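As you go down the protein sequences, you meet chains A and B in turn. With the working numbering applied, the first sequence corresponds to residues 1 to 326, in that order. With the working numbering applied, the second sequence corresponds to residues 327 to 652, in that order.
There are 2 protein chains.
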Amino acid sequence: MSRIDITDDTYTVDKVGEVKLIELIQEWLGDATPPPPEGIGDDCAVLTVNEPSNLVVTADALTYQVHFDDDISPTSAGSKLIKRNLSDLAAMGATPTSAVLALLCGPDISVEWLKQFFAGIRDTCSAHQIKIIGGDISGLPPGQLSTVLTLTGIAKTPMLRTGGSINDWLYVTGTLGGSILSKHTNFTPRLREGVWLASNHDCVAMMDLTDGLAKDLRCLLPPNANAALEIDKIPLSTDTETLSKTSGKSCIQHAFCDGEDYELICVIKADTDLVEFEAKWHKQFPTLELSRIGQIVEDRGKGPYIDSLTGETLPWIQGFEHLKRT
Amino acid sequence: MSRIDITDDTYTVDKVGEVKLIELIQEWLGDATPPPPEGIGDDCAVLTVNEPSNLVVTADALTYQVHFDDDISPTSAGSKLIKRNLSDLAAMGATPTSAVLALLCGPDISVEWLKQFFAGIRDTCSAHQIKIIGGDISGLPPGQLSTVLTLTGIAKTPMLRTGGSINDWLYVTGTLGGSILSKHTNFTPRLREGVWLASNHDCVAMMDLTDGLAKDLRCLLPPNANAALEIDKIPLSTDTETLSKTSGKSCIQHAFCDGEDYELICVIKADTDLVEFEAKWHKQFPTLELSRIGQIVEDRGKGPYIDSLTGETLPWIQGFEHLKRT
Numbered sequence: 001m002s003r004i005d006i007t008d009d010t011y012t013v014d015k016v017g018e019v020k021l022i023e024l025i026q027e028w029l030g031d032a033t034p035p036p037p038e039g040i041g042d043d044c045a046v047l048t049v050n051e052p053s054n055l056v057v058t059a060d061a062l063t064y065q066v067h068f069d070d071d072i073s074p075t076s077a078g079s080k081l082i083k084r085n086l087s088d089l090a091a092m093g094a095t096p097t098s099a100v101l102a103l104l105c106g107p108d109i110s111v112e113w114l115k116q117f118f119a120g121i122r123d124t125c126s127a128h129q130i131k132i133i134g135g136d137i138s139g140l141p142p143g144q145l146s147t148v149l150t151l152t153g154i155a156k157t158p159m160l161r162t163g164g165s166i167n168d169w170l171y172v173t174g175t176l177g178g179s180i181l182s183k184h185t186n187f188t189p190r191l192r193e194g195v196w197l198a199s200n201h202d203c204v205a206m207m208d209l210t211d212g213l214a215k216d217l218r219c220l221l222p223p224n225a226n227a228a229l230e231i232d233k234i235p236l237s238t239d240t241e242t243l244s245k246t247s248g249k250s251c252i253q254h255a256f257c258d259g260e261d262y263e264l265i266c267v268i269k270a271d272t273d274l275v276e277f278e279a280k281w282h283k284q285f286p287t288l289e290l291s292r293i294g295q296i297v298e299d300r301g302k303g304p305y306i307d308s309l310t311g312e313t314l315p316w317i318q319g320f321e322h323l324k325r326t
Numbered sequence: 327m328s329r330i331d332i333t334d335d336t337y338t339v340d341k342v343g344e345v346k347l348i349e350l351i352q353e354w355l356g357d358a359t360p361p362p363p364e365g366i367g368d369d370c371a372v373l374t375v376n377e378p379s380n381l382v383v384t385a386d387a388l389t390y391q392v393h394f395d396d397d398i399s400p401t402s403a404g405s406k407l408i409k410r411n412l413s414d415l416a417a418m419g420a421t422p423t424s425a426v427l428a429l430l431c432g433p434d435i436s437v438e439w440l441k442q443f444f445a446g447i448r449d450t451c452s453a454h455q456i457k458i459i460g461g462d463i464s465g466l467p468p469g470q471l472s473t474v475l476t477l478t479g480i481a482k483t484p485m486l487r488t489g490g491s492i493n494d495w496l497y498v499t500g501t502l503g504g505s506i507l508s509k510h511t512n513f514t515p516r517l518r519e520g521v522w523l524a525s526n527h528d529c530v531a532m533m534d535l536t537d538g539l540a541k542d543l544r545c546l547l548p549p550n551a552n553a554a555l556e557i558d559k560i561p562l563s564t565d566t567e568t569l570s571k572t573s574g575k576s577c578i579q580h581a582f583c584d585g586e587d588y589e590l591i592c593v594i595k596a597d598t599d600l601v602e603f604e605a606k607w608h609k610q611f612p613t614l615e616l617s618r619i620g621q622i623v624e625d626r627g628k629g630p631y632i633d634s635l636t637g638e639t640l641p642w643i644q645g646f647e648h649l650k651r652t
């Protein structure tokens with residue numbers, strides 16, 4: 001497909017106008033949006049809940065030149081918006097149901113770009129049986145585009161971040177680091193794995209890795225606890241190795257500090273039969289690694305992360321910071 | 327209160343960082359955010375629904391230099407974000423329950439400005455017993471701030487836009503036009519009125535006026551129908567009269583075309599005893615006008631709006647367009 005610029009001089013949203021753009025979006029989304037009152041077209045969307053349920057709700061933004069640039073296709077950008085939110089649901093052990101989309105866009109945004117962006121949204125929603133039930137369109141200055149998706153799902157037993165205790169084990173799915181080379185758009189949200197882990201009584205806490213292990217892992221540690229990590233068990237992605245050759249950073253530093261892994265990290269109870277637990281995982285998910293990377297330990301006054309082999313402080317403690325000057 | 331600039335040189339969000347900013351937001355929101363898992367702090371918020379319900383969901387954005395500028399206080403801006411969404415719920419006859427907030431902000435946004443902004447959010451949420459149950463923080467280029475609120479509520483019988491028929495009557499609450507002078511921040515969402523109208527069997531369709539009567543009223547007209555309007559019954563705000571003195575536009579043009587009225591417009595069944603209906607309204611809401619402004623009629627080929635007295639086409643058909651170049 002030839003490259004589509006996010007702005008153009010010809011067929012732009014200000015020429016179409018808001019009313020027509022909403023009609024186009026309904027057309028582009030196709031089956032991924034139901035007719036009103038469940039779908040787009042009224043002051044609110046209606047979401048009928050037929051039985052007592054634990055709904056989970058998450059919101060994530062995707063902004064041009066912050067979360068993506070002209071190097072990725074509009075289809076990939078649309079898909080990424082949905083998948084970022086799906087990864088949050090996976091982390092709660094939830095199954096997605098419906099979403100509301102806010103589109104903030106400058107007058108010079110290309111209608112063709114948006115069409116491809118919504119094709120990415122539609123395909124990813126259809127693959128996960130998510131319906132876009134409503135939203136909002138509002139203006140931004142020229143050249144700018146932001147989208148915010150609020151995604152709702154259902155969780156039988158929502159898995160929180162705060163269930164871990166001293167001596168519990170830490171596991172991660174997949175491999176870490178180097179996401180910037182490809183995985184940041186080309187990832188699979190760990191939904192089936194999240195539901196399976198949340199329904200497993202050995203699993204007591206979980207989250208997804210979006211800002212890097214170094215920043216995110218802290219959220220799973222109870223007060224006055226550190227993580228003792230087995231450095232050689234941290235699963236490195238092949239892109240980590242590629243990146244490390246030119247970045248001046250070690251592979252392990254990339255695995256700790258790079259954002260957008262979109263893998264799950266979970267806490268498994270101390271008294272779990274780990275051999276049996278790992279065997280059950282491998283039977284269920286034979287092609288996806290689950291690595292035991294360490295253990296929650298009492299605070300030893302050496303910072304949040306220590307090398308379990310040497311007892312020394314690990315130096316990597318900074319992940320991705322959203323609010324920085326570039 | 328002295329003026330607070332949205333950006334400053336001293337205490338800005340990039341100096342605080344995302345983790346600390348989330349803690350500050352929890353502190354600023356106080357009782358308006360519950361502890362996790364119902365509140366901020368996990369991958370998703372959990373919303374327990376105890377019985378079969380019609381949830382309604384809406385999203386609205388509020389962007390610096392699009393929806394507000396430095397002339398309004400951060401407290402008013404925060405309050406406006408909540409109230410814009412409340413007006414959408416009012417239009418469905420719903421009662422608000424909880425919200426998710428996405429904050430997109432540049433590195434140089436002032437922490438003091440945000441503190442006042444969240445004070446406005448807190449006070450308005452508390453007044454309506456809404457809980458902020460989660461959200462997202464992400465970056466924008468310097469000097470920019472956008473927020474998107476997704477608000478959930480419960481509606482016994484959600485009132486749609488599409489229930490009107492030929493010969494039904496059109497009513498609006500309050501007065502129209504001139505919102506730019508004050509009402510665009512200083513308005514009361516018509517929540518009690520919306521619930522009352524939605525529970526009244528004579529009311530068959532409803533929406534809120536945000537983009538101006540001229541643009542919005544079309545959404546209440548069934549296919550092949552026009553609105554015949556009694557021009558002298560359109561309720562003019564006093565700000566409409568003030569504005570008209572210098573704008574070069576008539577009062578009635580302001581009332582038709584100005585955005586951000588945040589009043590309700592509803593459709594009352596043709597066979598309703600209007601005297602009784604109006605008497606019940608005035609008993610329930612003695613200080614708020616409800617004006618019968620016209621009737622839905624068969625398409626007479628003269629455009630969407632006609633003067634019911636003369637049968638002539640009314641010229642005002644454009645309301646607020648979100649996607650224009652300024």
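C-beta: ideal position from N, C-alpha, C; glycine also. Treat the numbers as computed from the prediction; the structure is a model and nothing was measured.
Note to self: By the three-class DSSP mapping on this structure, what secondary structure does Thr-238/A have?
What the structure shows: Three-state result, Thr-238/A: helix.
Notebook entry, point to check: According to the neighbour-count rule (16 or more other Cβ atoms, all chains shown, within 10 Å of its Cβ), is Thr-185/A buried or exposed?
Noted result: Result: buried.
Checklist line | is_contact[Asp-212/A, chain B] using C-beta, thresh 8 Å | finding: Looking at the sequence shown, residue 212/A is not Asp but Gly. Chain B, which has no Cβ nearer than 8 Å to the Cβ of Gly-212/A, makes this no.
Checklist line | Contacts around Gly-327/A, its chain only, beta-carbon distance under 8 Å, and the 5 residues preceding and following it disregarded | finding: Absent from the structure is residue 327/A, since the part of chain A shown begins at 1 and ends at 326.
Next item on the list: Compare the Cα-Cα distances from Leu-104/A to each of Ile-132/A, Ser-146/A, Thr-95/A, Ser-199/A and report the closest residue.
Entry: Minimum Cα distance to Leu-104/A is reached at Ser-146/A.
Check: Would Asp-584/B count as contacting chain A if we go by Cβ distances under 8 Å?
Finding: So no, Asp-584/B is outside the interface.
Next item on the list: Throw me the rounded Cβ distance for the His-322/A and Glu-344/B pair, which I believe falls under 8 Å.
Entry: 5 Å between Cβ atoms; contact.
Check: Val-375/B: buried (16+ other C-beta within 10 angstroms of its C-beta) or exposed?
Finding: So Val-375/B counts as buried.
Check: Comparing alpha-carbon positions, which option in Arg-487/B, Gly-503/B, Gly-504/B lies nearest Leu-496/B?
Finding: The residue with the shortest Cα to Cα distance from Leu-496/B is Arg-487/B.
Margin query: Within 8 Å of any Cβ in chain B, is that where the Cβ of Gly-17/A sits?
Written below: So yes, Gly-17/A belongs to the interface.
Next item on the list: Look at Leu-197/A and Leu-288/A and say whether their C-beta atoms are less than 8 Å apart.
Entry: Taking 8 Å as the Cβ cut-off, Leu-197/A and Leu-288/A do not qualify as a contacting pair.
Item checked: Reduced DSSP secondary structure (H/G/I, E/B, other) of Met-159/A -> If DSSP states are grouped into helix, strand and coil, Met-159/A belongs with coil.
Check: Leaving out five residues before and five after Asp-70/A in sequence, what residues of the same chain have Cβ atoms less than 8 Å from its Cβ?
Finding: Only Arg-3, Asp-5, Ile-6 meet the Cβ criterion.
Next item on the list: With a floor of 3 residues, list each beta strand (DSSP E) that falls wholly inside the region 495 to 544 of chain B, ordered by position along the chain.
Entry: Residue ranges of uninterrupted beta strand (DSSP E) with 3 or more members, entirely inside the region 495 to 544 of chain B and ordered along the chain, are 495 to 499, 529 to 535.
Check: Is Phe-646/B helix, strand or coil when you go by DSSP?
Finding: It is coil, neither helix nor strand.
Next item on the list: Would you mind reading off the limits of the beta strand (DSSP E) that contains Ala-99/A?
Entry: If you look at Ala-99/A, you'll find it in the beta strand (DSSP E) that goes 95 to 105.
Notebook entry, point to check: Which residues in chain B sit within 7 Å of Pro-37/A, going by Cβ to Cβ distance?
Noted result: Among the residues of chain B, those whose CB is under 7 Å from the CB of Pro-37/A are Pro-484, Leu-486, following chain order.
Check: Can you tell me the Cα-Cα spacing of Lys-215/A and Val-111/A, whole angstroms?
Finding: If you draw a straight line from the Cα of Lys-215/A to the Cα of Val-111/A, it comes to about 38 Å.
Item checked: Sufficient close CB pairs (3 or more, under 8 Å) joining the region 444 to 451 of chain B to the region 378 to 387 of chain B -> These segments do not touch.
Notebook entry, point to check: When you check each C-beta in the region 99 to 133 of chain A against every C-beta of chain B, which residues fall closer than 9 Å?
Noted result: When CB distances to chain B are screened at a threshold of 9 Å, the residues of the region 99 to 133 of chain A falling below it are Val-100, Leu-101, Ala-102, Leu-103, Leu-104, Cys-105, Gly-106, Pro-107, Asp-108, Ile-109, Ile-133, in chain order.
Notebook entry, point to check: If we ignore side chains and look at the alpha-carbon of each, how far apart do Ala-77/A and Gln-455/B end up?
Noted result: Distance between the alpha carbons of Ala-77/A and Gln-455/B is about 37 Å.
Next item on the list: Kindly list, in the order they appear in chain A, the residues whose Cβ is closer than 9 Å to that of Pro-515/B.
Entry: Within chain A, no residue comes near Pro-515/B; the closest Cβ sits about 12 Å away, beyond 9 Å.
Next item on the list: Drop a sphere of 10 angstroms on the beta-carbon of Val-371/B, count the other beta-carbons inside from all chains shown, and report buried for 16 or more, exposed for fewer.
Entry: Looking at the sequence provided, one finds Ala at residue 371/B rather than Val. Buried is the label assigned to Ala-371/B, since at least 16 other Cβ atoms lie within 10 Å of its Cβ.
Margin query: Between Thr-33/A and chain B, is any beta-carbon pair separated by less than 8 Å?
Written below: No, Thr-33/A lies away from the interface with chain B (no Cβ there is under 8 Å from its Cβ).
Margin query: Is the beta carbon of Leu-507/B closer than 8 Å to that of Asp-565/B?
Written below: Their beta carbons are under 8 Å apart, which means Asp-565/B touches Leu-507/B by this criterion.
Item checked: Cα-Cα separation, Leu-466/B to Ala-428/B -> Distance between the alpha carbons of Leu-466/B and Ala-428/B: 12 Å.
Checklist line | Partners in chain A for Thr-636/B, counting only beta-carbon separations shorter than 8 Å | finding: The contacting residues do not exist; Thr-636/B stays about 28 Å from chain A at best.
Checklist line | Pro-315/A, buried or exposed, once every other Cβ within 10 Å from all chains shown has been counted against 16 | finding: Counting Cβ neighbours within 10 Å, Pro-315/A comes out exposed, since fewer than 16 surround it.
Checklist line | Spatial distance of Gln-610/B from Leu-539/B (CA atoms) | finding: Using only the alpha carbons, I get a separation of about 25 Å.
Next item on the list: Can you say whether Tyr-11/A is buried or exposed, counting buried as having 16 or more other CB atoms within 10 angstroms of its CB?
Entry: Residue environment analysis places Tyr-11/A among the exposed positions, since fewer than 16 neighbouring C-beta atoms fall within 10 angstroms of its C-beta.
Checklist line | Short CB-CB distance (under 8 Å) between His-527/B and chain A | finding: Residue-level contact by beta carbon fails for His-527/B and chain A, as no gap is shorter than 8 Å.
Notebook entry, point to check: In whole angstroms, what separates the C-alpha of Arg-218/A from that of Gly-469/B?
Noted result: Near 31 Å, if we compare the C-alpha coordinates of Gly-469/B and Arg-218/A.
Item checked: Rounded distance between the beta-carbons of Asp-584/B and Gly-520/B, thought under 8 Å -> Their Cβ separation, rounded to whole angstroms, is 21 Å, which puts Gly-520/B and Asp-584/B out of contact at 8 Å.
Item checked: Under 8 Å between C-beta atoms of Lys-100/A and Gly-134/A -> Position check: residue 100/A holds Val in this sequence, whereas Lys was assumed. Going by C-beta atoms, Val-100/A is nearer than 8 Å to Gly-134/A.
Next item on the list: For Lys-409/B, decide whether its Cβ has a neighbour in chain A, counting only Cβ atoms nearer than 8 Å.
Entry: At a cut-off of 8 Å between C-beta atoms, Lys-409/B does not count as an interface residue with respect to chain A.
Next item on the list: Could you give the DSSP three-state label for Val-111/A: helix, strand or coil?
Entry: In the three-state scheme derived from DSSP, where H, G and I count as helix and E and B as strand, Val-111/A is classed as helix.
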